[in-house]
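Student: One structure, pasted below without further comment.
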Amino acid sequence: MTVAKTHLRVVSAMIVREMSTKFGSKPGGYLWALLEPIGYIAMMTVIFGAIAHTPALGTSFVLFFATGYLGYQMYQAKVMYLSSAVRANKPLLSYPNVAPIDAITARYILQTLTTTLVSVIVFAAIFLTLPHSPELNWPRLLEAELYAGSLALGVGLFNSVMFVKYALYEQIYGILTRPMFLLCGVFFLPDDMPHPYRDVLLSNPLCHVIMLFRTGFYPEYRAIGLDLPYLAVCSALVFFGGMTVFTISRRTLRNET
């Protein structure tokens, strides 16, 4: 019980520290967390609205791109933040009560809360502009968050080790994952892609996360390519793989940071 209380106190203190570091003491830091997705969604709406008459799903370009972008951010924002957690908290790891997993836990909680709050505000604003607000399927939305969080945590745990041990890995990872934003279904529906491109795209579990997320907003969306067992297996394997690498490397992380 004492260990659990100590862990809870450490994580709570680190969340406060991370909030101060990430957002600063001025409200402008929090405002930017909201303006960034709004800017991306607005830009995509203007560009694709000029090219096509209707979005790939529904009648609102803004809602379509918001579900894609914010569905993607449930994963990507966590991964980017978690990957540098251990390295960024190097001075604190010299204290015996502070463990590398505390830095990961604090950042995961903070980023989840931030992404959720931003999504609620953005979607609430979008719904006000629509003639009829969609009927949300909350179990689907929570399921998408669960799978996205598992994938992000697994990759983030793995990256937090690799970023510390191998400087070149961070550069390679950035190059290899840069096209992910364009290929996971933010701008389009993977179901509409012809064979064999559709099968290649659907091998990426993030496509399934975004498809699942969109089913929470569009009851008419059949999501033919959505494979929940495949997504569950990928999420579990990535999570346990990342956790295994991180656990094995705990002492190394303390020494090398």
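To get the numbering used here, take the position in the sequence shown, counting from 1, and add 10.
Built from N, CA and C at the ideal position, the CB exists for glycine as well.
Alpha carbon to alpha carbon, how far is residue 135 from residue 147? Give it in angstroms, no decimals.
Tutor: By 1-based counting over the sequence shown, the position of residue 147 is 137. By 1-based counting over the sequence shown, the position of residue 135 is 125. When rounded, the distance between both Cα atoms is 18 Å.
Student: May I have the straight-line CA-CA distance separating residue 184 from residue 167, to the nearest angstrom?
Tutor: Taking the first residue of the sequence shown as position 1, residue 184 is located at position 174. Taking the first residue of the sequence shown as position 1, residue 167 is located at position 157. So the alpha carbons of these two residues sit roughly 16 Å apart.
Student: Whole-angstrom Cβ separation of residue 196 and residue 91, contact assumed at under 8 Å?
Tutor: Position 186 of the sequence shown, counted from the start, is the residue given in the question as residue 196. Position 81 of the sequence shown, counted from the start, is the residue given in the question as residue 91. Not quite, the Cβ-Cβ distance comes to about 19 Å (not below 8 Å), so this is no contact.
Student: In the DSSP assignment, find the unbroken alpha helix (DSSP H) run with residue 169 in it and report its ends.
Tutor: Taking the sequence shown and counting its residues from 1, one reaches residue 169 at position 159. Counting along the chain, the alpha helix (DSSP H) containing residue 169 begins and ends at 148-175.
Student: How would you call residue 230, buried or exposed, if buried means at least 16 neighbouring beta carbons within 10 angstroms?
Tutor: In the sequence shown, residue 230 corresponds to position 220, counting from 1. Residue 230 should be labelled exposed.
Student: Confirm, please, whether the CB-CB distance from residue 202 to residue 234 is below 7 Å.
Tutor: Here residue 234 corresponds to residue number 224 of the sequence shown, with the count starting at 1. Here residue 202 corresponds to residue number 192 of the sequence shown, with the count starting at 1. Result no, Cβ atoms of residue 234 and residue 202 do not sit closer than 7 Å.
Student: If I measure Cβ to Cβ from residue 26 and keep anything under 7 Å in the same chain, skipping five residues before and after, which residues do I get?
Tutor: By one-based count along the sequence shown, residue 26 stands at place 16. Taken in chain order, the list of residues that qualify is empty.
Student: Would you say the segment 157-175 touches the segment 256-265, given that touching needs at least three Cβ pairs under 8 Å?
Tutor: Short answer: they touch.
Student: Whether or not the segment 42-57 and the segment 92-99 are in contact is what I'm after, with contact meaning three or more pairs of Cβ atoms, one per stretch, closer than 8 Å; do they touch?
Tutor: With the cut-off at 8 Å, the segment 92-99 and the segment 42-57 do not touch.
Student: As a quick exercise: from 62, 21, 106, 77, pick the residue whose alpha carbon is nearest that of residue 261.
Tutor: Reading the sequence shown from its first residue, position 251 is the one you call residue 261. Checked all of 62, 21, 106, 77; the closest Cα to residue 261 is 106.
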